[in-house]
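Same order as they appear, the protein sequences are chains A and B.
Read in order, the letters of the first sequence correspond to residues 1 to 427 in full-length UniProt numbering.
Read in order, the letters of the second sequence correspond to residues 1 to 427 in full-length UniProt numbering.
Protein chains: 2
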Amino acid sequence: MQKLNQTPNIVLAEIITIGDEILYGQVVDTNSAFMGTELGKIGIKVKQITSVSDDAAHIVQALDAARTRADVILITGGLGPTKDDLTKTTLAAYFNVGLKLDEQSLADVTEIFKKYGRELTELNRQQAFLPENCLPVRNILGTAPGMWFEVDNKIMVSMPGVPFEMKTMMTDIVLPRLQQHFGLPKINHKVIMTIGIGESFLAEKIASWEDQLPPHIKLAYLPKLGSVRLRLTGLDTGTDDLETEMQAEVDKLSELIPEYIFAYGEVSLPEAISNLLKEHYLTIATAESCTGGMVAQKLTSIPGSSAYFKGGIVAYDNAVKVEQLGVSEATLETFGAVSEETVSEMAQNVRQLLKTDIGIATSGIAGPIGGTPEKPVGTIWIAYTDAHQTVAKKLNFNRTRELNMEFTTMNVLNLVRQSLPEAFRIG
Amino acid sequence: MQKLNQTPNIVLAEIITIGDEILYGQVVDTNSAFMGTELGKIGIKVKQITSVSDDAAHIVQALDAARTRADVILITGGLGPTKDDLTKTTLAAYFNVGLKLDEQSLADVTEIFKKYGRELTELNRQQAFLPENCLPVRNILGTAPGMWFEVDNKIMVSMPGVPFEMKTMMTDIVLPRLQQHFGLPKINHKVIMTIGIGESFLAEKIASWEDQLPPHIKLAYLPKLGSVRLRLTGLDTGTDDLETEMQAEVDKLSELIPEYIFAYGEVSLPEAISNLLKEHYLTIATAESCTGGMVAQKLTSIPGSSAYFKGGIVAYDNAVKVEQLGVSEATLETFGAVSEETVSEMAQNVRQLLKTDIGIATSGIAGPIGGTPEKPVGTIWIAYTDAHQTVAKKLNFNRTRELNMEFTTMNVLNLVRQSLPEAFRIG
């Protein structure tokens with residue numbers, strides 16, 4: 001065990017996933033990315049990820065190789081009740097131990113069957129038998145308990161491959177236990193969500209702030225679909241109050257780029273907009289052309305969205321823009337469907353029709369066909385309106401249909417955040 | 001080289017991905033699943049997938065280990081122009097060869113820069129220098145050419161990690177060359193897309209057909225989100241016309257389960273519905289409550305959807321159901337929003353309002369809150385209507401909000417396929 005106020009040697013981990021379905025491409029391995037992220041957050045570095053077949057000799061080979069490189073080996077998959085699930089028996093043989101009944105695991109699996117109103121089968125009962133040398137890791141969401149082994153100063157943990165079972169086990173049990181075992185220093189994280197500025201421009205804008213960060217606070221840029229997450233990782237040196245110190249850095253950053261920050265913490269843009277609307281008791285309606293329903297879909301993807309989302313009109317065809325949304329034919333004829341005038345009317349009219357505080361609208365050419373020399377594919381207008389104002393904005397994208405739609409949706413949601421007047425925010 | 005009419009030994013492959021971003025969980029490795037699937041289709045089995053760090057010694061260790069197990073090693077990543085991209089120099093050192101300029105690669109990278117109106121930088125010019133012992137693999141979509149090595153009867157191919165560059169290289173060059181190199185027998189695939197029946201029930205229903213398949217035609221079940229893909233893989237034995245033989249098997253299957261098949265080939269349900277509507281010159285409108293715009297979004301995700309999709313109304317709030325969709329208040333009061341009566345009116349009214357051939361509607365409780373004892377979370381009504389009929393269907397799901405919405409969307413699209421009258425199909 002190392003002292004908390006001392007920077008430890010780097011702890012290295014390896015991940016081994018077991019199962020032909022990953023190798024044959026039937027399943028994309030998303031578990032490893034989750035584990036890599038979470039291990040990183042407590043200061044453990046993943047050195048290698050190995051996916052092997054449902055084959056005992058191959059599993060053993062991967063274990064032996066991983067032990068030469070890593071301090072921690074996390075294994076997922078192969079814990080089901082059927083005969084092609086080999087992980088448990090392979091581990092028992094590897095450690096040369098027998099299996100014994102774990103009462104807590106039996107109680108857990110019995111409970112799960114009871115919940116679904118079914119009798120415990122013998123195959124599932126056998127899932128509660130675990131290698132004698134392991135510390136069981138409770139699985140409250142499934143029938144396969146995890147196993148924690150300590151051998152030659154190495155930690156090996158076997159978990160189910162079912163993502164939500166593995167994630168719960170990692171968060172509740174495995175990560176805290178690893179932190180404790182290796183005496184890892186306390187690590188603190190702050191996430192700042194930004195939108196509307198590319199990674200390199202953002203880096204330039206905050207360079208002076210980044211440079212003045214103390215050595216025990218590191219910054220990572222994590223870009224994704226037009227949004228950049230900034231993650232601060234602080235190592236507790238025991239000298240200052242880390243939480244206070246990090247919050248002070250976040251505050252400095254907030255003053256530097258207030259217009260780009262839409263949330264603090266791991267919050268998606270639709271969630272942030274939902275929170276904003278709920279907080280101020282505001283309602284919203286959508287009028288969509290080129291996004292075809294995606295804006296409404298993102299807003300309703302959040303539980304409890306009926307508190308602020310009344311509804312929307314997908315006016316794909318111009319006749320629907322006129323007849324359902326009441327856009328004037330003159331506007332459509334003079335300016336075209338993809339114009340500031342049309343998109344503004346769409347937003348204003350849907351707000352009035354659905355009697356909401358806010359109306360938002362999209363109209364553009366998502367592609368891959370439908371462009372003209374004056375309005376090429378990717379030309380998109382978005383609008384926001386409330387009782388006081390209407391704001392319209394032109395976007396130009398040069399992506400696939402899907403990405404053009406995604407970016408437009410992100411932008412119109414961001415426009416809500418940017419346009420909401422201070423007076424409104426009081427609710 | 002083996003004769004085509006002889007079953008060859010199994011060719012084994014390994015995939016090595018290079019790059020810290022996968023290990024640290026910043027990127028999910030989707031490349032490997034693509035490669036596993038495509039290799040499987042030409043009869044090559046993936047034995048292991050290894051993700052290693054941007055570190056020369058670690059890359060070499062992985063290469064050495066892979067060579068003890070596999071005939072083919074496919075490497076992705078680490079081919080960018082910056083100094084942390086180590087793959088090319090590591091491979092040259094591994095094979096103890098120098099780099100030489102490949103004129104075709106230089107022409108390709110110059111062309112790419114020209115397309116974006118930029119001058120070729122020295123860093124990018126260096127990307128056209130390749131290990132002397134490699135056969136270049138053209139990259140028409142990016143600046144890093146691939147490399148094909150043949151050493152000790154093993155094939156090693158290095159490709160960029162950018163998914164669309166790698167996929168194009170695999171499909172156009174690497175897979176055909178592997179087929180030729182190993183004299184792999186011709187393999188034929190037929191995909192049959194089913195929906196509305198679970199994997200185990202489907203397996204039971206088609207067991208007798210599956211059992212009578214000749215040994216050189218294999219069946220795989222590939223379930224995904226309520227749909228099961230059936231993939232037939234036929235090995236050309238040189239005795240019969242494989243294409244004719246396989247089509248005959250597909251025809252037999254079609255007679256056995258016509259109601260569950262929505263397409264032949266890799267076609268998504270929204271695509272299949274789009275094709276059906278376009279083929280018969282039919283138009284459609286959507287009225288959505290619990291799916292919140294997802295049905296419209298899926299329909300408009302298909303390029304050219306303006307040919308059949310006029311628009312939709314997302315009637316999340318009951319007031320919108322009454323005022324925009326014209327659902328009678330009496331219906332809502334008597335039967336509730338989640339009822340056969342309401343969902344039928346929604347479909348009928350949106351069809352009339354938007355003047356389309358078909359109207360579809362959804363109304364239900366997506367969760368996680370909003371359920372009652374009589375109508376628990378997951379209780380959902382869907383409806384289809386045309387000039388001749390209205391069909392409504394009750395669904396019960398017990399999933400997350402997101403999955404309840406996804407399954408409802410799949411089901412209402414499937415209802416179009418199931419309900420479309422023969423008379424209509426003539427167009």
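Note that CB positions come from ideal geometry on N, CA and C, so glycine has one too.
This structure is a prediction, so every number in the text was calculated from the model and none was measured.
**Request:** Report the three-state DSSP secondary structure of A/GLY36 (helix, strand or coil).
**Result:** helix
**Message:** If the cut-off is 7 Å on Cβ atoms, which residues from the segment 360 to 390 of chain A count as contacting chain B, listed in chain order?
**Reply:** PRO368 and ILE369
**Asked** Going by beta carbon distance, what residues of the same chain come within less than 7 Å of A/LEU39, once the five residues before and after it are set aside?
**Response** So the qualifying residues of the chain are ALA13 and VAL46.
**Asked** Are the C-beta atoms of A/PHE407 and some chain B residue less than 8 Å apart?
**Response** no
**Asked** Are the C-beta atoms of A/TYR94 and some chain B residue less than 8 Å apart?
**Response** no
**Cβ shell of A/ALA361 (< 6 Å), same chain only, five flanking positions each side left out** = ALA287, VAL343, MET346, ALA347 and ALA383
**Request:** Note down, one range per segment and in chain order, each beta strand (DSSP E) of at least 3 residues found wholly within the segment 292 to 369 of chain B.
**Result:** 309 to 315 and 358 to 364
**Prompt:** When you check each C-beta in the segment 117 to 143 of chain A against every C-beta of chain B, which residues fall closer than 7 Å?
**Reply:** Answer set for the segment 117 to 143 of chain A: empty.
**Request:** Would you kindly check if the distance between the Cβ of A/ILE273 and the Cβ of A/VAL391 is under 8 Å?
**Result:** no
**Opening and closing residue of the beta strand (DSSP E) in which B/PRO214 lies** = First-last for B/PRO214: undefined, no H or E at that position.
**Asked** Of all the CB atoms in chain A, is at least one closer than 8 Å to the CB of B/LEU413?
**Response** No, its Cβ sits nowhere closer than 8 Å to a Cβ of chain A.
**Request:** Return helix, strand or coil for A/LYS3, following the three-state DSSP convention.
**Result:** Any reading at A/LYS3 needs caution, since the residue's pLDDT is 37, under 50, leaving its predicted position unreliable; the model's value is listed next. It is coil, neither helix nor strand.
**Request:** Below 8 Å on the Cβ atoms is my guess for A/ASN411 versus A/LEU395; work out the distance and round it to an integer in Å.
**Result:** About 6 Å; that satisfies the 8 Å criterion.
**Prompt:** What residues in its chain sit with their C-beta under 6 Å from that of B/GLY427, if we drop five residues either side in the sequence?
**Reply:** Only weak support exists for where B/GLY427 lies, its pLDDT of 39 falling under 50; the coordinates are left without a value.
**Prompt:** Based on the DSSP secondary-structure assignment, which residues constitute the bridge partners of A/LYS100?
**Reply:** A/LEU130
**Message:** Please list the terminal residues of the continuous beta strand (DSSP E) segment that includes B/SER51.
**Reply:** 44 to 52 is the span of the beta strand (DSSP E), which, as asked, contains B/SER51.
**Prompt:** For A/SER328, which residues in chain B fall below 7 Å Cβ to Cβ?
**Reply:** Chain-order list of chain B residues neighbouring A/SER328: empty, with the shortest C-beta distance near 17 Å, by a criterion of under 7 Å.
**Prompt:** Any C-beta of chain A sitting closer than 8 Å to the C-beta of B/SER200?
**Reply:** no
**Message:** Please report the distance separating the alpha-carbon of A/LYS321 from that of A/GLU406.
**Reply:** Approximately 22 Å between the Cα atoms of the pair.
**6 Å CB neighbourhood of B/GLY265 in its chain, flanking five on each side removed** = VAL191
**Prompt:** Using a Cβ-Cβ distance under 8 Å, would B/SER268 count as near chain A?
**Reply:** no
**Residue span of the alpha helix (DSSP H) that contains A/VAL27, given as start and end** = Counting along the chain, A/VAL27 falls outside any alpha helix (DSSP H), and DSSP gives it neither H nor E.
**Request:** Closer than 7 Å by beta-carbon distance: list the chain B residues that pair up with A/VAL28, in chain order.
**Result:** Those within 7 Å of A/VAL28 in chain B are VAL28, THR30 and ALA33.
**Request:** Tell whether a beta-carbon distance below 8 Å holds between A/ILE16 and A/THR50.
**Result:** Yes; because the gap between Cβ atoms is below 8 Å, this pair is in contact.
**Item:** Paired residues, beta bridge with A/THR194 - DSSP
**Value:** A/VAL228 and A/ILE261
**Prompt:** From the DSSP output, which residues share a beta bridge with A/GLY146?
**Reply:** In the DSSP output, where bridge partners are listed per residue, A/GLY146 has A/VAL137.
**Message:** So, with DSSP's three-state summary, where would you put B/TYR281?
**Reply:** coil
**Message:** Could you tell me the alpha carbon to alpha carbon distance between A/LEU420 and A/GLY326, rounded to whole angstroms?
**Reply:** C-alpha of A/LEU420 to C-alpha of A/GLY326: approximately 25 Å in a straight line.
**Request:** Would you kindly work out how many angstroms separate the C-alpha atoms of B/ALA93 and B/GLU165, rounded to a whole number?
**Result:** 25 Å
**Message:** What would DSSP say about residue 439 of chain A, mapped onto helix, strand or coil?
**Reply:** In the structure displayed, chain A extends from 1 to 427; residue 439 of chain A sits before or after that span and is not available.
**Prompt:** Do B/VAL350 and B/GLY312 come within 8 Å of each other at the CB atom, strictly closer than that value?
**Reply:** yes
**Prompt:** Apart from the five residues on each side of it in sequence, which residues of its chain come closer than 6 Å, Cβ to Cβ, to B/VAL157?
**Reply:** LEU74, TRP148 and VAL174
**Request:** Kindly indicate if chain A contains any beta-carbon less than 8 Å away from that of residue 439 of chain B.
**Result:** A query on residue 439 of chain B cannot be resolved here, the shown segment of chain B reaching from 1 to 427 and no further.
**N-terminal and C-terminal residue of the alpha helix (DSSP H) that B/ASN404 is part of** = 401 to 419
**Request:** Let me know if B/LYS3 comes out buried or exposed under the rule of 16 or more other beta-carbons within 10 Å of its beta-carbon.
**Result:** The predicted model places B/LYS3 with a pLDDT of 37, which falls under 50 and marks its position as unreliable, so this point remains unresolved.
**Request:** Determine the burial state of B/GLY359: buried for a count of at least 16 other Cβ atoms within 10 Å of its Cβ, exposed for fewer.
**Result:** Under this definition B/GLY359 is a buried residue.
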